[in-house]
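These notes are about the structure you will find just below.
In this note's numbering, the protein residues as written are 1 to 486.
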């Protein structure tokens with residue numbers, strides 16, 4: 001999958017010849033994070049509470065270890081505040097507001113009316129009225145957010161080392177390909193089982209170890225973006241050499257057919273699985289993510305080459321051709337899409353109505369399922385537990401100000417990845433992959449809820465953290481840059 005230079009870096013991703021305790025801890029955290037990325041898709045995307053508990057516990061342990069390692073090494077100065085503090089502040093606003101929504105400290109006018117109704121109907125019971133209509137569910141969602149923040153921070157701190165960031169991307173791409181191979185094996189042998197359970201949903205669609213085809217399409221789409229980025233970087237580097245066109249062409253085919261054959265296989269396998277999920281939103285968002293990756297990679301200075309634009313065009317045409325040739329059923333479903341039949345248009349309208357009733361204070365994280373029945377019409381299914389639009393759902397639950405703060409925190413990180421990609425002299429493809437992954441997630445969140453699936457969130461935040469790590473100048477990089485200019 002990788003060449004001699006990359007393998008040397010992956011085997012020794014930290015300071016050469018150093019056996020310090022801090023390096024040992026950093027290495028342990030790196031491989032621990034890789035283990036989490038490999039584990040989370042297996043137990044049905046880590047949706048079951050016990051699987052979520054394993055993820056939370058492991059992430060907490062790794063975060064404490066990483067903090068201890070940084071304290072020992074005294075490397076806090078390697079984290080520039082101008083890059084991370086704005087996002088951390090915005091995220092803290094959203095998280096603290098979500099916590100406040102669960103506490104019985106809000107003015108009575110802010111508390112959800114259901115608490116007053118409950119007190120009238122059950123006068124003998126004691127209640128702790130809050131903004132959130134379901135504080136227990138809200139607390140669970142708050143712990144989810146905190147765990148995701150820990151995963152991102154681990155990936156970011158590990159990703160500040162170039163070899164470690166590359167390892168995270170390669171590891172996720174490989175892991176995603178392995179799950180894709182498993183999904184294809186199940187699909188082509190009758191598609192009867194989900195792990196060892198009889199499949200109870202999406203009998204005609206490939207879902208690998210996930211229950212929902214749209215969530216799996218997002219996950220394997222992220223793997224496709226990662227593998228495409230690795231292949232694109234290598235191709236650009238090969239054709240940008242000063243050799244003759246004939247030698248470049250020969251080197252290109254030798255490289256694709258031998259040295260990078262596993263990356264090529266990963267791209268093809270994950271592309272096939274995206275299409276076989278028959279997920280319209282997943283295929284569209286993945287296409288947007290791949291095209292976003294190709295666009296940013298064609299613009300950053302360190303990936304410039306005489307044939308760069310042609311390579312980008314070939315990759316883009318290849319992505320479109322794969323969708324047209326291999327995604328007949330997916331394209332048919334796209335053409336036959338009816339928002340009125342699916343009911344999503346009405347769900348969106350009713351969610352907007354719910355937002356307008358509590359535009360500032362919200363109803364509490366993870367309360368959509370409890371609130372929406374009061375707005376549901378007879379034309380919709382009896383159970384509508386998700387808005388199928390993370391932006392609207394978060395605005396309804398958190399209120400518009402806190403939700404916007406959460407969105408801006410993510411946007412700030414993506415912008416920093418873009419700025420860093422243009423500054424980098426090497427490994428710029430890693431922040432480019434993070435940007436492509438962000439485009440995918442941003443589009444998918446308009447029509448579904450994949451980021452509420454732990455395996456998808458862990459995969460994306462790992463890529464984003466590694467990308468930001470390579471986009472962020474550390475003290476060591478700044479010193480090297482100054483020395484080279486002097």
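Think of the CB as a built atom: it goes at the ideal place given N, C-alpha and C, for glycine as much as any other residue.
With DSSP run on the structure shown, which of helix, strand or coil describes residue i?
{"i": "residue 460", "result": "helix"}
{"i": "residue 465", "result": "helix"}
{"i": "residue 337", "result": "Caution is warranted here: a pLDDT of 48 is assigned to residue 337, below 50, making its placement in the model unreliable, and the coordinate value is therefore given only provisionally. Three-state result, residue 337: coil."}
{"i": "residue 66", "result": "helix"}
{"i": "residue 446", "result": "coil"}
{"i": "residue 91", "result": "helix"}
{"i": "residue 132", "result": "coil"}
{"i": "residue 362", "result": "coil"}
{"i": "residue 124", "result": "coil"}
{"i": "residue 51", "result": "helix"}
{"i": "residue 379", "result": "coil"}
{"i": "residue 394", "result": "helix"}
{"i": "residue 472", "result": "coil"}
{"i": "residue 110", "result": "coil"}
{"i": "residue 104", "result": "coil"}
{"i": "residue 426", "result": "coil"}
{"i": "residue 80", "result": "coil"}
{"i": "residue 85", "result": "helix"}
{"i": "residue 386", "result": "coil"}
{"i": "residue 481", "result": "Any reading at residue 481 needs caution, since the residue's pLDDT is 46, under 50, leaving its predicted position unreliable; the model's value is listed next. Helix."}
Span of the alpha helix (DSSP H) holding residue i?
{"i": "residue 353", "result": "344 to 357"}
{"i": "residue 139", "result": "135 to 159"}
{"i": "residue 291", "result": "280 to 299"}
{"i": "residue 451", "result": "Segment: none, residue 451 is in no alpha helix (DSSP H) and carries neither H nor E."}
{"i": "residue 186", "result": "162 to 188"}
{"i": "residue 423", "result": "400 to 423"}
{"i": "residue 266", "result": "261 to 276"}
{"i": "residue 114", "result": "113 to 121"}
{"i": "residue 370", "result": "368 to 371"}
Hey, residue i and residue j: beta-carbon distance below 9 Å or not?
{"i": "residue 21", "j": "residue 62", "result": "no"}
{"i": "residue 37", "j": "residue 458", "result": "yes"}
{"i": "residue 365", "j": "residue 138", "result": "yes"}
{"i": "residue 182", "j": "residue 454", "result": "no"}
{"i": "residue 437", "j": "residue 413", "result": "no"}
{"i": "residue 409", "j": "residue 73", "result": "no"}
{"i": "residue 286", "j": "residue 214", "result": "no"}
{"i": "residue 232", "j": "residue 294", "result": "yes"}
{"i": "residue 363", "j": "residue 397", "result": "yes"}
{"i": "residue 193", "j": "residue 206", "result": "no"}
{"i": "residue 225", "j": "residue 290", "result": "yes"}
{"i": "residue 377", "j": "residue 350", "result": "yes"}
{"i": "residue 156", "j": "residue 300", "result": "no"}
{"i": "residue 444", "j": "residue 281", "result": "yes"}
{"i": "residue 143", "j": "residue 56", "result": "yes"}
{"i": "residue 435", "j": "residue 418", "result": "yes"}
{"i": "residue 461", "j": "residue 219", "result": "no"}
{"i": "residue 229", "j": "residue 297", "result": "yes"}
{"i": "residue 343", "j": "residue 379", "result": "yes"}
{"i": "residue 284", "j": "residue 227", "result": "no"}
{"i": "residue 110", "j": "residue 127", "result": "no"}
{"i": "residue 352", "j": "residue 369", "result": "no"}
{"i": "residue 487", "j": "residue 292", "result": "Because the chain is modelled from 1 through 486, residue 487 falls outside the range shown and cannot be assessed."}
{"i": "residue 130", "j": "residue 113", "result": "no"}
{"i": "residue 97", "j": "residue 402", "result": "yes"}
{"i": "residue 186", "j": "residue 201", "result": "no"}
{"i": "residue 272", "j": "residue 106", "result": "no"}
{"i": "residue 466", "j": "residue 159", "result": "yes"}
{"i": "residue 94", "j": "residue 44", "result": "no"}
Does any residue of chain C have a CB that is nearer than 9 Å to the CB of residue i?
{"i": "residue 408", "result": "Looking at the structure shown, chain C is missing, and only one protein chain is on hand."}
At a cut-off of 8 Å, is residue i close to the ligand GDP when judged by its beta-carbon and the heavy atoms of the ligand?
{"i": "residue 183", "result": "Here there are no bound small molecules, and the ligand GDP is not part of this structure."}
I want to know whether the region 463 to 473 touches the region 427 to 446 - three or more CB-CB distances under 8 Å. yes
Inside the region 193 to 241 only - alpha helix (DSSP H) runs reaching at least 4 residues: 213 to 239
Alpha helix (DSSP H) runs wholly inside the region 19 to 43, at least 4 long, in chain order: 21 to 39
contact_flag[the region 124 to 144, the region 166 to 174] where n(CB pairs < 8 Å) is 3 or more: Too few Cβ pairs lie closer than 8 Å, so no.
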